[in-house]
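**Q** Residue numbers (the working numbering): 31 to 154. Ideal placement from N, C-alpha and C gives every residue a C-beta, glycine not left out. Bear in mind that the values here come from a model prediction, so they are computed numbers and not experimental data. Supplied in structure tokens, the structure appears directly below.
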């Protein structure tokens with residue numbers, strides 16, 4: 031990824047110690063097949079407001095399709111609405127999910143820069 035070393039230990043260290051502007055690119059998820067064919071790109075960084083479908087992990091969360099509530103760039107996780115776990119006192123707590131375990135089904139195009147970038151990819 032960022033190092034030329036093939037040692038897993040150094041790869042993990044580089045991921046952990048990466049600056050936030052590089053970690054931002056690591057919080058990427060695949061697009062579903064319709065979006066992939068529309069934009070000619072396989073994956074994009076996940077943003078708050080994108081709609082994602084959980085495709086891996088706990089059976090309770092699998093197949094849930096909901097909006098991204100928060101992106102935790104520091105810990106390389108995303109928080110998805112309706113993906114919660116019950117605490118011992120009965121309250122619900124959001125469960126952080128790895129972005130590789132979700133597929134983006136609908137993009138949030140409220141940002142003009144993101145929309146412009148995707149439109150340029152569409153023509154390529």
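1. Just to confirm before moving on: does the CB-CB distance between residue 54 and residue 110 stay below 9 Å?
2. Should residue 119 be labelled buried (16 or more other beta-carbon atoms within 10 Å of its own) or exposed?
3. Enumerated in chain order, which unbroken segments of the alpha helix (DSSP H) with a length of 4 residues or greater are wholly contained in the region 31-102?
4. Report all residues from its chain with a CB closer than 8 Å to the CB of residue 76; omit the five preceding and five following residues, and keep chain order.
5. Starting from the Cα of residue 91, find the closest Cα among 71, 127, 70 and give me that residue.
6. Using CA atoms only, rank isn't needed, just tell me which of 116, 137, 106, 66 is closest to residue 152.
7. Near residue 72, which residues of its chain fall below 7 Å by C-beta distance, leaving aside the five closest residues on each side in sequence?
8. When you compare only the Cα positions, how much space is there between residue 86 and residue 93?
9. From the DSSP secondary-structure annotation, give me the bridge partner or partners of residue 135.
10. Looking at residue 115 and residue 96, is the spacing between their C-beta atoms short of 9 Å?
**A** Let's see:
1. no
2. exposed
3. 38-46, 50-56, 63-69
4. 57, 58, 59, 82, 98, 101, 108, 129, 132, 134
5. Of 71, 127, 70, the residue nearest in Cα terms is 127.
6. 66
7. Cβ within range, chain order: 60, 61, 66.
8. A direct Cα-Cα distance of roughly 8 Å separates residue 86 from residue 93.
9. Its beta-bridge partners do not exist; DSSP assigns none.
10. With contacts defined by Cβ atoms closer than 9 Å, residue 96 and residue 115 do not form a contacting pair.
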